[in-house]
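A.B. asks: Residue numbers (my numbering): 3 to 327.
(1) Among the candidates 192, 54, 208, 76, whose CA atom is the shortest distance from the CA of residue 30?
(2) Going by other Cβ atoms of all chains shown within 10 Å of its Cβ, with 16 needed for buried, is residue 245 buried or exposed?
(3) Three Cβ pairs or more, each shorter than 8 Å: is that satisfied between the segment 69-80 and the segment 138-156?
(4) Per DSSP, residue 10 forms a beta bridge with which residues?
(5) Does the beta-carbon of residue 42 have 16 or more other beta-carbons within 10 angstroms, so that it is buried, or is it exposed?
(6) Which residues share a DSSP beta bridge with residue 143?
(7) Can you look up residue 176 in the DSSP assignment and give me helix, strand or coil?
(8) For a quick check, are the C-beta atoms of residue 283 and residue 292 less than 8 Å apart?
(9) Do the segment 223-237 and the segment 103-120 meet, that is, are 3 or more Cβ pairs less than 8 Å apart?
(10) For residue 4, I'd like the list of residues in its chain whose CB is within less than 8 Å of its CB, leaving aside the five on either flank, ordered along the chain.
(11) Do you know how far the Cα of residue 197 is from the Cα of residue 110?
(12) Could you check whether residue 277 and residue 233 sit closer than 8 Å to each other, using their CB atoms as the reference points?
(13) Give me the DSSP bridge partner(s) of residue 107.
(14) When we look at the beta-carbon of residue 210 and count the other beta-carbons within 10 Å, is it buried (16 or more) or exposed?
(15) Provide the residue span of the beta strand (DSSP E) that contains residue 166, from first to last.
(16) Do residue 243 and residue 295 come within 8 Å of each other at the CB atom, strictly closer than that value?
(17) Put residue 119 into one of helix, strand or coil per three-state DSSP.
(18) Going by DSSP, what residues sit across from residue 97 in a beta bridge?
(19) Enumerate, from N- to C-terminal direction, the unbroken alpha helix (DSSP H) stretches of 4 or more residues contained entirely within the segment 229-271.
(20) What are the start and end residues of the beta strand (DSSP E) that includes residue 62?
(21) How big is the Cα-Cα spacing for residue 8 and residue 170?
(22) Taking DSSP's pairing of strands, which residues face residue 124 in a bridge?
(23) Rounding to the nearest angstrom, what Cα-Cα distance links residue 173 and residue 160 in this structure?
(24) Just the Cα atoms here: how many angstroms apart are residue 313 and residue 300?
(25) What span of residues does the alpha helix (DSSP H) with residue 280 cover, start to end?
(26) Distance check for residue 44 and residue 83, CA to CA, integer angstroms please.
(27) Of all the options 256, 144, 319, 268, which has the alpha carbon lying nearest to the alpha carbon of residue 287?
(28) Compute the Euclidean distance between the alpha carbons of residue 308 and residue 247, then round it to the nearest angstrom.
(29) Taking all protein chains shown into account, decide if residue 273 is buried (16 or more other Cβ within 10 angstroms of its Cβ) or exposed.
(30) What do you get for residue 275, buried or exposed, if any count of 16 or more other CB atoms within 10 angstroms of its CB means buried?
(31) Residue 142 to residue 158, Cα distance in whole Å?
(32) Near residue 315, which residues of its chain fall below 7 Å by C-beta distance, leaving aside the five closest residues on each side in sequence?
(33) If I follow the unbroken alpha helix (DSSP H) through residue 187, where does it start and stop?
(34) Locate the alpha helix (DSSP H) running through residue 53, then write down its first and last residues.
Here you go:
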C-alpha cells in the first residue's frame, strides 16, 4: 500500500473548477501520491492557480506547456510520472476520499493490471452525496479478451481513462493520439487492454463526472465525429483476424459508433443526407449480430431499430427520448 500513484490532471482554462478537483485529490485516504497538473497553455488565471496550489502541498507538480490539446497534455504527464501506478482525473471533476485506495485494493485483490471504478454523472454546479466503499459493491475480473470486449461494448467499464488505474509498465510505448479530439480515450485504452493479464471492475461509484455543455461530446456534427467512425473501423479491421469473440466486439464497436455519431447529427445537426445513408448502408450488415450481443446496452439496440427506418424516424425518436429524459 506504499507504492506511489501518479495522478495526471490535464488543465486548460479551468481556474474556477480546479481547486475543487485538487482538494479532492489531496484529501485521499491513500497518501503516497504525486499530482501532476499539466497546464496546456491556459489563457486565463489557471496557470497562476496551478502554481498557487503547488506551493500549498509538495505532492503537487506543475508542468506548463504550449497548447496542444488534452491528448498532448496527458502524454506530457505520462512522461513526467514517477509512480508505480498511473491514473487520470479531469480538471472539472472530483473524486471521493477513498477513490485511489479502493482502486489500489481492487487491483491488488485480483492481481490485475488495470482496475476500474464506476462513476456518478452530474450536471455542472451540482454535487451529489458522497458514499463510501462498504464491501457491498459488486466486483468482476476479466481476462484480456473479455476486457477488450467489455471496453468496446460501451457498457459500465467505459472507454474513459479517468475511472481507471494502470500499472505504469503497461503504458510503455502507449500514448494518446494527438489527432483525435473524441474517442481518444477509447483508442488509448484499447491499446492498453491488449496488453493486460487481467482487468478488474467495481460498481463502487467513487468518481464524479461533471457534464458541461461545451464539451466535445455536446457539439454539432463535424469532422471529429467522422474521425470517430474511422477509428472504429481501424479497430474493427485490427480485430478481424482475432478470435470470433474479439472480431465480433470490433464489429460491435463500429456499429455503436455509427449510431452515436448519427445521434449527434440528428440532435445537433447539420444533417448530411449522403453521409447518413452511407452510415446506414455500413450498419446494415452489422445489425443482425449487433442485436444479439449481450454486452451492448439495450438503449443502443433500441436506437438501431429506429436508425434502420431512416433519418426522419430516427431524428423523431432521438428528440422524443431527449425530451422525456
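Even glycine gets a Cβ: it sits at the ideal position worked out from N, Cα and C.
C.D. replies: Judging by the given coordinates:
(1) With distances taken between Cα atoms, residue 30 lies closest to 208.
(2) exposed
(3) Segments in contact, no.
(4) 38, 90
(5) buried
(6) Answer is 202, bridged to residue 143.
(7) coil
(8) no
(9) no
(10) 34
(11) 18 Å
(12) The answer is no: Cβ separation not under 8 Å.
(13) Looking at the DSSP assignment, residue 107 forms no beta bridge with any residue, so it has no partner.
(14) buried
(15) 166-169
(16) no
(17) strand
(18) 209
(19) You should have 246-270.
(20) 62-67
(21) 9 Å
(22) 212
(23) 18 Å
(24) 20 Å
(25) In the DSSP annotation of this structure, the continuous segment of the alpha helix (DSSP H) that includes residue 280 starts and ends at 275-294.
(26) Roughly 21 Å separates the two Cα atoms.
(27) Comparing Cα positions, the closest option is 256.
(28) Whole-angstrom Cα-Cα distance: 26 Å.
(29) exposed
(30) Classification for residue 275: exposed.
(31) Rounded to the nearest whole angstrom, the C-alpha separation of residue 142 and residue 158 is 12 Å.
(32) 308
(33) Segment 186-195, the alpha helix (DSSP H) holding residue 187.
(34) 48-58
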